[in-house]
Amino acid sequence: MEFITEGDAVKCIRVISEKPITVATFHIDVDRVAPHVASALSSKEIIELELWLKDRSKLQEALKQRPIEVTILEALPGVLDQAANAISELGEVDKNLYQTIRKKISRLTYELDSIEQFKSKTKNVQLDKIPNSEVLKERLETIKDNIEN
């Protein structure tokens, strides 16, 4: 069973013969297994979802406690990886975008070279059920909320 956030929803996806099937969906703000979701899941899947919701809650709480700058830096490797995949997939980039990316990467490299070491004063959160892609989504959502406020 996989739990994937998409927009304002969490999808419960069962993979059968390598084919993903959405068996239940619920609002992203729900923090416990709703009856309509439980009725679509097996008892083992309900336990998995409960653990996933618990991990997600821990992650959200940890992100609230951290300075936004730490969250931005922690999200950066995942975003850069996605950008590299996008460039590879597209095979081309607009000239202006190319130059802008180069400038930003040069500045980032300069800033990284000018510091000795980054030491986080925040404790890492142990997550057992949330895949890295969902952690990245949560970090990006936190960054988005900070930009909007």
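Just so you know, we're using my numbering here: the sequence shown kicks off at -13 and counts up by one. Note that CB positions come from ideal geometry on N, CA and C, so glycine has one too. Remember, predicted model here, so these are calculated numbers, not experimental data.
Within a Cβ cutoff of 7 Å, which residues of the same chain sit near residue i, ignoring the five residues on either side of it in sequence?
i	result
glutamine 46	Glu124
alanine 20	Phe12
threonine 128	Leu49, Thr57
When you compare each of the options to residue i by their alpha carbons, which one comes out closest?
i	options	result
glutamine 112	His13, Leu83, Ala61, Trp38	Trp38
lysine 40	Ile116, Val(-4), Leu83, His13	Ile116
leucine 59	Leu94, Leu76, Gly77	Leu94
Hey, quick one: how far does the beta strand (DSSP E) through residue i stretch, first residue to last?
i	result
proline 6	5 to 13
How far does the alpha helix (DSSP H) with residue i in it reach, from first residue to last?
i	result
arginine 18	Taken as a continuous stretch (DSSP letters only), arginine 18 belongs to no alpha helix (DSSP H), as it is neither H nor E.
Return the CA-CA distance between residue i and residue j, expressed in angstroms with no decimal places.
i	j	result
leucine 122	serine 92	24 Å
serine 43	valine 16	10 Å
valine 65	valine 1	27 Å
isoleucine 101	glutamate 134	29 Å
serine 28	valine -4	17 Å
arginine 52	lysine 130	15 Å
Suppose the cutoff is 6 Å on Cβ atoms and the five residues either side in sequence are ignored; what does the same chain contact list for residue i look like?
i	result
isoleucine 54	Asn132
Spatial neighbours of residue i within its chain, please: CB distance less than 8 Å, with the 5 preceding and 5 following residues excluded, ordered by chain position.
i	result
histidine 22	Ala10, Phe12
Query raised in the report: Hey, which unbroken runs of the alpha helix (DSSP H) at 4 residues or more fall wholly within the stretch 23 to 60?
Result: Counting only runs of 4 or more, we get 29 to 51.
Query raised in the report: Along the chain, which unbroken stretches of the alpha helix (DSSP H) at least 4 residues long are found entirely within the stretch 74 to 120?
Result: As for any alpha helix (DSSP H) of minimum length 4 sitting wholly inside the stretch 74 to 120, the runs are 81 to 100, ordered along the chain.
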